[in-house]
Each structure stands twice: as C-alpha cells, then as structure tokens.
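Residue numbers for the sequence shown follow this note's numbering, beginning at 56 and rising by one. Worksheet: one structure, shown below.
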Amino acid sequence: MKTTHKTNKQQYAYQVIRSRILDGRYPPGHKLVIDQLARELKTSAIPVREAIRLLEADSLISFKPYSGAIVTPFDEQAYLETLSVLAVLEGFATAESSIHFPHEKLEGLRVYTKLMEDALEQLDYSLFSNYNKEFHKLTYKYCTNQFLLEQIHTTWERLGTVRQQGSTMKPVRMKRSVIEHYQLIEMMEKREDPKIIETFARNHKLNTLKAFLEDSQQNSI
C-alpha cells in the first residue's frame, strides 16, 4: 500500500511538472527547486526528486553544475530537424485523412482556427500554439495508417522537449498561418486531389520553419 501511495505521488509530481514545462509556465532554463515544489504539491521531496529523474529521461530537464535541475534549454538544431520531419509526416497524413474526412467535421477546423485568431489578438501565444496543435490533430484524424499517426505523436512529443510552446513562432507568421488554415479547410471541403493537399500541408509547416530561420538570421546580424 505504501509503495502504491508513493508511486501515485511520484506520478502526480511528474504530470504537474511536465505540463508546466510543455505549456511554457516553466520556460527553458527555469530552475526547479525540489523543496519548493514538494511544499507546493504537498508531498515530501522524494517523489519530486524521482519525478525530476523521469523528466530528465524524457529530455525535458537537465542538470546544470552548481544550479541543479533546470528545464532543458532550447535546442535550435533539434527543433529544425524535428519540425522538418513533422512537416513530411503531417503532410502525408493530412492528405490520407482528406479522402475520408467527414464534411460535418469541417466546422471543428473552423472553430479551432477562430480560437487561434482570438488567442493571437490576446497575445496569448501559448494558447495559440495549443489550438494550432488541435487543429492539425483533427486534419489527420481520419488517416487510416495507425503507424503513421503514432510517429506523428512521437514527433510532437519530441518537439515539446526542444522548445517552449509558442516561443518559436512570431506574430507575423501566426497571422499567415491562420490564413493558410482557412485555405486548407477550403481545399478539404472541395475534396482537392490528395497530392495537392499533401504538398500544401507540408509547405504550411515548412513555412513556419522558414520564418524561424529568417528571424534567427536577422537577430544574428
């Protein structure tokens, strides 16, 4: 019984810390103070310490000399590589899904896109990123290749370990992304050739990568 209780506390600490990292409340470089977290989560330091070890295995937390546990710093190269792969996977999955996509579900895509617009107006970039992810999950929901969907999920998980939500997309790109979403919805509604949809969906993701690279180059000048 004690072992189960200890495990539950460890799992709870793991889920809380993980969610705060992925939604941006704990940004890259943020220092994690075990005693402080233990008081906040109303537990001892042991479950928190074990949860942090699990998060280190997930690459979400790193140990820095003289500082202890910190949220893993942004890894630009890993971000670029992961987003490139995600563009290819999502492009193909969206094309496959478009063949079976129910017309009545198109309204769901419009709702997510409108929510993205609202989040952008409120300058809530983390919320924008969350709605963006939900939008794309729905676009490829009706893909029948389950292995492909598993790979997309894994790639999204990896993307979450190398960046803070919303931190790599700028307002100009966000506005353009919303426009592209409406274009994709229209293409799916008209049952465009899957190959055309695949190219558009892939380029949509690569456009975000391109905008990030352009911004990085300008900041380095």
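We put the beta carbon where it would ideally sit given N, CA and C, even for glycine. Just so it is clear, the structure is predicted and the values come from calculations on it, not from any experiment.
Ignore the nearest five residues each way along the sequence and tell me which others in residue i's own chain have a CB closer than 8 Å to its CB.
i	result
Val140	Thr210
Ser152	Thr194, Tyr195, Lys196, Tyr197 and Cys198
Among the residues of its own chain, which have a CB less than 7 Å from the CB of residue i, if the five just before and after it don't count?
i	result
Pro83	Val126, Thr127, Pro128, Phe129 and Gln219
Using only the alpha-carbon positions, how far apart do residue i and residue j sit?
i	j	result
Ala133	Leu203	21 Å
Ser114	Leu144	22 Å
Ser122	Leu87	9 Å
Glu162	Leu110	37 Å
Thr149	Leu268	25 Å
Ala112	Arg213	12 Å
Val233	Glu172	7 Å
Tyr237	Ile251	15 Å
Arg94	Leu178	32 Å
Grouping DSSP H, G and I as helix and E and B as strand, with all else coil, what is residue i?
i	result
Lys86	strand
Phe129	coil
Phe118	strand
Gly123	strand
Tyr69	helix
Thr98	coil
Gln91	helix
Gln220	Its pLDDT being 47, under 50, Gln220 is placed unreliably by the model, and the measurement read from it follows with that caveat. If DSSP states are grouped into helix, strand and coil, Gln220 belongs with coil.
Gly79	coil
Pro226	helix
Nearest by alpha-carbon distance to residue i: which of the options is it?
i	options	result
Val227	Gly215, Glu247 and Thr263	Thr263
Thr168	Ile101, Gln70, Arg108 and Phe190	Phe190
Leu77	Arg108, Leu92, Lys260 and Asn185	Asn185
Arg257	Ala142, Gln65, Leu92 and Ile251	Ala142
Any chance the CB of residue i is under 7 Å from a heavy atom of the ligand GDP?
i	result
Glu145	Here there are no bound small molecules, and the ligand GDP is not part of this structure.
Contact check, residue i vs residue j under 8 Å by CB: the rounded distance?
i	j	result
Lys230	Ala266	Actually they are not in contact, since the Cβ atoms of Lys230 and Ala266 sit about 11 Å apart, beyond 8 Å.
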